[in-house]
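Chemist: After the structure tokens below, expect a handful of questions from me.
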Amino acid sequence: MPKQIIVINPGSTSTKTAMFLDSEKVFSINVEHAASELMKYKEIVDQLDFRKEAILSALEKEKADIRKTDAFAGRCTGLLPMPGGVYEVNDLMYQHGSMGIGSRHPGNLGPMIALDFAREYGGRAFCVNPSTVDEFIPEARVTGLQEMFRTSRGHPLNQKEVAIRFAKSIGKDYSQVNVVVVHMGGGISVGAHCKGKIIDNVDSTRGEGRMAPTRTGTLPAANLIELCFSGKYTEKQLLDKVMKTGGWIDHLQTADAIEVEKRIIAGDRYAELIFNATGYQLAKDIAAMAAVMDGEVDAILLTGGIAYSERMVNIIKKKTSFIAPVVVFAGEYEMEGLASGALRVLEGLEEPLSYTGEPVFKGFEELFRE
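Our numbering numbers the first residue of the sequence shown as 260 and each following residue consecutively.
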């Protein structure tokens, strides 16, 4: 009998929910939550019962028998760094999710909802490649300041699912390939996937790499410091610029790639410059991640919403095809990634991991003592 898997992906104003029979998606729904309802809850964790009821109502409308579910898989954020893989949700993961120990994001609720449903209706509860996956090699962590380290941030759920799919398409396992994966959405990340691990990743969330539609990416450090002390901005305003309203929003007042391309077609030369500059900067990030793997790259994989743009894909292909073939997986595969991870465990192809809360990286103090 095929395995029934229900996938739960909480976002800021909705909870994406899907049902799979093995790898086949039966249905996918976006359960919208009114802002007026969400405002009633002081903390993200307070939304737990509200979101569960909304999901149950949506499943009932789809005539899904929740009691036949073999596994619930929830998107996972808000935890401490951990290696990639499929995690069986345990009490500590539930507790840390409720605390928002890593960050306060609706995705904190994913594993909590999955475990609550599993305990009430049967089945198992999983999360797959949480947002805090950290598999960096030591060299990737070092910066020019002893007190500051690079941390792994990005889109591991989508990146790893795309890499797994590519490996399968060429008759290999994810652990046998080296690929550079580029996730291009409102945020952009470029990961070096070396034999099944993301050993380095350039993410614009906190100001690295290329600009993104909503983020600045790398800025000249001295110039940024001067801007911090110029009196023009508060700390929050500058953090928002770097993480939320930089990049295309700052230059073009939009984060919509379709809108930007319409402007280019209409003759907007500045929009063309910013769009082309993003592709140019992305190519540099891709080349850097290829260097991390000593140039031994099987493919460059482009995914996310902007991967639908032929204009952007062509810019990247022109500048990076000398490294490896460029393969496009347009769109996002988060729901599929959650389902396929759970299925691998149910079929005995992968052993589930257990969240311990132990830090992946403890600093380099032991080296200082040598």
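Glycine included, C-beta positions come from ideal geometry on N, C-alpha and C.
Take the Cβ of residue 267 as the centre, count every other Cβ of all protein chains shown within 10 Å, and call the residue buried at 16 or more, exposed below.
Modeler: It counts as buried.
Chemist: Assess contact between the stretch 545-557 and the stretch 434-453, defined as three or more Cβ pairs (one per stretch) separated by less than 8 Å. Is contact present?
Modeler: The stretch 545-557 vs the stretch 434-453: in contact.
Chemist: Residue 295 lies in the alpha helix (DSSP H); which residues open and close that run?
Modeler: Start and end: 294-297.
Chemist: Write down the C-beta distance between residue 340 and residue 305 rounded to the nearest angstrom, noting that I regard them as a contact closer than 8 Å.
Modeler: Wrong, their Cβ atoms sit about 26 Å apart, outside the cutoff.
Chemist: As a quick exercise: from 502, 325, 360, 264, pick the residue whose alpha carbon is nearest that of residue 303.
Modeler: Answer by Cα proximity: 360.
Chemist: For the pair the stretch 402-421 and the stretch 353-371, tell me if three or more CB-CB distances fall below 8 Å.
Modeler: No, the stretch 402-421 is not in contact with the stretch 353-371.
Chemist: Do the stretch 588-602 and the stretch 381-393 meet, that is, are 3 or more Cβ pairs less than 8 Å apart?
Modeler: Yes, the stretch 588-602 touches the stretch 381-393.
Chemist: Helix or strand or just coil, what does DSSP make of residue 379?
Modeler: Residue 379 falls in the helix class under three-state DSSP.
Chemist: Can you tell which of 473, 518, 510, 493 has the C-alpha that lies nearest to the C-alpha of residue 501?
Modeler: Checked all of 473, 518, 510, 493; the closest Cα to residue 501 is 473.
Chemist: Just how far apart, CA to CA, sit residue 560 and residue 588?
Modeler: So the alpha carbons of these two residues sit roughly 7 Å apart.
Chemist: Could you pull the start and end residues of the beta strand (DSSP E) that residue 443 belongs to?
Modeler: Per DSSP, residue 443 belongs to the beta strand (DSSP E) from 437-443.
Chemist: Three-state secondary structure (DSSP) at residue 331?
Modeler: Strand at residue 331.
Chemist: Is the beta carbon of residue 566 sitting closer than 7 Å to the one on residue 583?
Modeler: No, the pair does not count as a contact, with Cβ atoms beyond the cut-off.
Chemist: Select from 484, 349, 531 the residue whose C-alpha is nearest the C-alpha of residue 507.
Modeler: Residue 507 has its Cα closest to that of 531, out of 484, 349, 531.
Chemist: Return helix, strand or coil for residue 434, following the three-state DSSP convention.
Modeler: Looking at residue 434 - three-state DSSP - the assignment turns out to be helix.
Chemist: Does the distance between the C-beta of residue 460 and the nearest non-hydrogen atom of the ligand HEM fall short of 6 Å?
Modeler: Looking for the ligand HEM in the displayed structure turns up nothing, as the structure carries no ligands at all.
Chemist: From this set, 352, 276, 411, 335, which residue's C-alpha is nearest residue 456's C-alpha?
Modeler: It is 411.
Chemist: Give me whichever residues DSSP pairs with residue 459 in a beta bridge.
Modeler: Per DSSP, 451.
Chemist: To which residues of the same chain is residue 585 closer than 6 Å at the C-beta, ignoring the five residues directly before and after it?
Modeler: Closer than 6 Å at the Cβ level, and outside the excluded window around residue 585, lie 559, 576.
Chemist: Quick test of your reading: residue 552 and residue 451, contact by CB under 8 Å. State the CB separation rounded to the nearest angstrom.
Modeler: Yes, they are in contact, since the Cβ atoms of residue 552 and residue 451 sit about 6 Å apart, within 8 Å.
Chemist: Mind the definition here: the stretch 392-407 touches the stretch 325-345 only if three or more C-beta pairs lie below 8 Å; say whether that holds.
Modeler: Judged by Cβ distances under 8 Å, the stretch 392-407 makes contact with the stretch 325-345, as three or more pairs qualify.
Chemist: Quick one: residues in its chain with C-beta nearer than 6 Å to the C-beta of residue 363, no 5 flanking neighbours on either side, listed in chain order?
Modeler: The residues are 303.
Chemist: Taking the alpha carbon of residue 378 as the reference point, which residue from 348, 402, 356 has its own alpha carbon closest?
Modeler: Comparing Cα positions, the closest option is 348.
Chemist: What number of angstroms, rounded off, separates the C-alpha of residue 527 from the C-alpha of residue 536?
Modeler: Rounded to whole angstroms, residue 527 to residue 536 spans 14 Å at the Cα level.
Chemist: Would you give the residue range spanned by the alpha helix (DSSP H) that residue 667 belongs to?
Modeler: Past the edges of the chain, shown from 260 to 629, lies residue 667, and the structure says nothing about it.
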